[in-house]
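For reference, the structure discussed in these notes is given below.
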Amino acid sequence: MDYGSVTDKVSRYVHTLRYLRPEQVVFQLYYRFRRAVKPVSYGDVIRAAYAGAAGGLYLAESIAKPCSFRDGQYTFLNLSLTFLDDAVDWECMEYGKLWLYNLHYFDYLLQPDMTKAQGLELIRRYVDALPGMQVGIEPYPVSLQGINWIKFLSLHGIRDEAVDRSLYSQYHILFRTLEYHLLGNHMLENAFSLLFGAVYFGEQTWFAKSRKLLVRELDEQVLDDGAHFELSPMYHQILLDRLLDCVNLLQHHQRFAGQDALLSMLQSKAAVMLGWLRQMTFPDGSIPHLNDATDEIAPSTEELFSYAERLGVESVPVGRLSSSGYRRYDAQRYSCIADVGKIGPDYIPGHAHADALNFVLQVDGKPFLVDTGTSTYEKGTLRDKERGTAAHNTVVVNGVNSSDVWGGFRVGKRARVAVLTDEPADIVASHDGYRGVGVVHQREWTFTDTEILIADEVTGQPESAVACLHFDHRVSVEQQHPSVIVADAVTIMFEGAASVALEEYQQALGFNKRCTAVCVKVAFSERLVTRIKM
Numbered sequence: 013m014d015y016g017s018v019t020d021k022v023s024r025y026v027h028t029l030r031y032l033r034p035e036q037v038v039f040q041l042y043y044r045f046r047r048a049v050k051p052v053s054y055g056d057v058i059r060a061a062y063a064g065a066a067g068g069l070y071l072a073e074s075i076a077k078p079c080s081f082r083d084g085q086y087t088f089l090n091l092s093l094t095f096l097d098d099a100v101d102w103e104c105m106e107y108g109k110l111w112l113y114n115l116h117y118f119d120y121l122l123q124p125d126m127t128k129a130q131g132l133e134l135i136r137r138y139v140d141a142l143p144g145m146q147v148g149i150e151p152y153p154v155s156l157q158g159i160n161w162i163k164f165l166s167l168h169g170i171r172d173e174a175v176d177r178s179l180y181s182q183y184h185i186l187f188r189t190l191e192y193h194l195l196g197n198h199m200l201e202n203a204f205s206l207l208f209g210a211v212y213f214g215e216q217t218w219f220a221k222s223r224k225l226l227v228r229e230l231d232e233q234v235l236d237d238g239a240h241f242e243l244s245p246m247y248h249q250i251l252l253d254r255l256l257d258c259v260n261l262l263q264h265h266q267r268f269a270g271q272d273a274l275l276s277m278l279q280s281k282a283a284v285m286l287g288w289l290r291q292m293t294f295p296d297g298s299i300p301h302l303n304d305a306t307d308e309i310a311p312s313t314e315e316l317f318s319y320a321e322r323l324g325v326e327s328v329p330v331g332r333l334s335s336s337g338y339r340r341y342d343a344q345r346y347s348c349i350a351d352v353g354k355i356g357p358d359y360i361p362g363h364a365h366a367d368a369l370n371f372v373l374q375v376d377g378k379p380f381l382v383d384t385g386t387s388t389y390e391k392g393t394l395r396d397k398e399r400g401t402a403a404h405n406t407v408v409v410n411g412v413n414s415s416d417v418w419g420g421f422r423v424g425k426r427a428r429v430a431v432l433t434d435e436p437a438d439i440v441a442s443h444d445g446y447r448g449v450g451v452v453h454q455r456e457w458t459f460t461d462t463e464i465l466i467a468d469e470v471t472g473q474p475e476s477a478v479a480c481l482h483f484d485h486r487v488s489v490e491q492q493h494p495s496v497i498v499a500d501a502v503t504i505m506f507e508g509a510a511s512v513a514l515e516e517y518q519q520a521l522g523f524n525k526r527c528t529a530v531c532v533k534v535a536f537s538e539r540l541v542t543r544i545k546m
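Below, the structure written as structure tokens:
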């Protein structure tokens, strides 16, 4: 559907907005009204009462950040900018909003070669420039920046009243602008950071709010099998890192009544998140790029397990993956992860893709069939394409998406998945994402030690049905017969194919980092059987 007519556009908005929670709608309206009438101003907040109670914290060694700053050059998302004479443009949109956010996060304070003098100078210049900034007082960058500042100041034993006063004011703004209109990982980041601010400044009110939010949000956002509910392995790693930071914080500082119970809860959530991450990590240490996920953004699984070990947090075995909707099968030569879950949380599917019944595969410890991945968050054709069904290893009906992903981070009509058979070596699931044209897609995976058999069926009368297989860019793919593909000594045969075509696609290796790889597209009607023989 092209959503060109007014009726179609209204329908898209209705199906997008109907899933929002009432508090999201209320706070969207409230924050917009407040911005119009009396916007939050750093200039006003800097005059907020500050008792000078900031105190350096002791923390166990956390995970170092990648080197992103050197000699005035900032590199984020594989894009670099140099600001001459240290005149940083804190509102620079040359590379988009996400790059600008990274500039404000101050991760570079925690890169291994950052000196005390250099880091403090960067902070002081930011403090001087902060009045009049807009991005500098947005709650998400404030949340990440606040933790990084506190870690850096504490690591080097820095007490600077002007810096502490500015940081206190930023936390005062965060407390007033918590992201109730978004929720999800944004609200967790707000709560994690507010806890750091509470302990650093000894603010009981901030602690009470952060504790309430963390208990509520972690109870909902960490699923029974340990997954973060937005179902992105990358965001799972990011949030687990922050969760371990909070465990680190509370283990070493007794500031408030009730924090022992909070620490216990944080430790238990970290343990099950570690268990899920272990299940989702391939033998080579990588994660599948499912939903919004890519390399060079989050700490690695190895780094997270090492950090947890330093804190005495042990992973809890989660058994088979369940509530996250992922299923994994391991044989001697391969590891396969299939997706039979929902698109994501109903009210915040911004990082979800239209990938119902998708799967990824490693052979001999190396990527083989991969998700196209994520290379941009900028709204536009590329973002829509990477979220679309054709960018995943599943079936595309009539050339449209199984769920209506649009606008960069929005989802309208969604595919509903039903799991029909759920055995370790035999999984059958279907989805109704094409119910608008009277079509249901059913897929069965059957696993043996040396073969994966995938049976796809489409009921109804679709104009077209195409199964897509995206190969990693390092895999050599050849068509040896109209219905036989050989890829790095793995033979793939198609039964019921009307045509088999090899096409090039752009595989995302990171943000703003893509390379050419091969996608096999198999057209069929009614039923297709794909045999992958190792």
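Residue numbering for the sequence shown follows our numbering, starting at 13 and increasing by one per position.
All C-beta atoms in this analysis are idealised placements derived from N, C-alpha and C, irrespective of residue type, glycine included.
Considering only the alpha carbon of each residue, which of the options lies closest to residue i?
| i | options | result |
| --- | --- | --- |
| Leu-100 | Gly-148, Val-451, Leu-71 | Reading off the sequence shown, one finds Val at residue 100, where the question assumed Leu. Checked all of Gly-148, Val-451, Leu-71; the closest Cα to Val-100 is Gly-148. |
| Thr-503 | Leu-540, Val-375, Lys-391, His-404 | Val-375 |
| Asp-386 | Val-408, His-301, Val-429, Lys-378 | The displayed chain sequence assigns Thr, not Asp, to residue 386. With distances taken between Cα atoms, Thr-386 lies closest to His-301. |
| Val-417 | Ala-364, Tyr-247, Glu-191, Thr-384 | Ala-364 |
| Ala-561 | Leu-481, Lys-545, Ala-437, His-485 | The structure shown does not extend to residue 561, since the chain spans only 13 to 546, so no value can be given for it. |
| Glu-516 | Pro-295, Lys-533, Asp-500, Val-175 | Lys-533 |
| Ser-511 | Ser-442, Ile-497, Phe-523 | Ile-497 |
| Gln-130 | Leu-91, Arg-171, Thr-94, Gly-84 | Gly-84 |
| Arg-426 | Ile-355, Glu-229, Leu-373 | Ile-355 |
| Gln-40 | Thr-189, Gly-67, Arg-136 | Thr-189 |
| Glu-435 | Phe-459, Val-175, Ser-298, Ala-501 | Phe-459 |
| Ala-220 | Arg-33, Gln-233, Phe-268 | Phe-268 |
| Ile-170 | Leu-194, Val-26, Phe-380, Arg-136 | Arg-136 |
| Val-52 | Leu-186, Ser-298, Thr-433, Glu-469 | Leu-186 |
| Arg-33 | Asp-438, Tyr-359, Leu-289 | Tyr-359 |
| Val-470 | Thr-462, Val-407, Leu-521, Glu-398 | Val-407 |
| Glu-463 | Ser-347, Val-530, Gly-144, Arg-46 | Ser-347 |
| Ala-305 | Lys-21, Asp-231, Ile-544, Met-292 | Met-292 |
| Leu-156 | Glu-507, Val-284, Ala-203, Pro-124 | Ala-203 |
| Arg-399 | Leu-381, Gly-420, Val-382 | Gly-420 |
For a quick check, are the C-beta atoms of residue i and residue j less than 7 Å apart?
| i | j | result |
| --- | --- | --- |
| Asn-413 | Pro-474 | no |
| Tyr-113 | Pro-153 | yes |
| Glu-326 | Tyr-192 | no |
| Leu-69 | Ser-166 | yes |
| Ile-250 | Ala-310 | yes |
| Tyr-180 | Tyr-62 | yes |
| Thr-28 | Gly-287 | no |
| Leu-110 | Asn-524 | no |
| Leu-142 | Tyr-247 | no |
| Thr-388 | Ala-403 | no |
| Ser-74 | Leu-235 | no |
| Val-352 | Ala-441 | yes |
| Glu-173 | Leu-200 | no |
| Ala-529 | His-485 | yes |
Helix, strand or coil, according to DSSP, for residue i in the structure here?
| i | result |
| --- | --- |
| Pro-379 | strand |
| Ala-72 | coil |
| Leu-206 | helix |
| Trp-457 | strand |
| Met-145 | coil |
| Phe-213 | helix |
| Tyr-192 | coil |
| Ala-310 | coil |
| Cys-348 | strand |
| Ser-495 | coil |
| Phe-39 | helix |
| Asp-484 | coil |
| Gln-473 | coil |
| Cys-527 | strand |
| Ala-467 | strand |
| Ile-544 | strand |
| Trp-111 | helix |
| Asp-20 | helix |
| His-443 | strand |
| Asp-358 | coil |
Using a Cβ-Cβ distance cut-off of 7 Å, determine whether residue i contacts chain D.
| i | result |
| --- | --- |
| Lys-163 | Protein chain content of the structure displayed is limited to a single chain, and chain D is not contained in it. |
Q: Decide yes or no for the touch test of the region 277-296 against the region 243-260: beta carbon pairs closer than 8 Å, at least 3 of them.
A: yes
Q.
Within 8 Å, do at least three Cβ pairs link the region 329-337 to the region 265-274?
A. no
**Q.** Inter-stretch contact at 8 Å, needing at least 3 Cβ pairs: the region 78-93 / the region 476-492
**A.** no
Q: Specify whether the region 447-465 and the region 388-397 touch according to this definition: at least 3 beta carbon pairs, one from each stretch, less than 8 Å apart.
A: no
Q. What are the start and end residues of each continuous beta strand (DSSP E) run of 3 or more residues lying completely inside the region 381-410, in chain order?
A. 407-409
Q.
Below 8 Å, how does it come out for the region 118-131 and the region 155-162: are there three or more Cβ pairs, yes or no?
A. yes
Q.
Counting beta carbon pairs with one atom in the region 222-229 and one in the region 239-246, are three or more of them shorter than 8 Å?
A. no
**Q.** Start-end ranges of the beta strand (DSSP E) lying completely within the region 279-346, minimum 3 residues
**A.** 338-342
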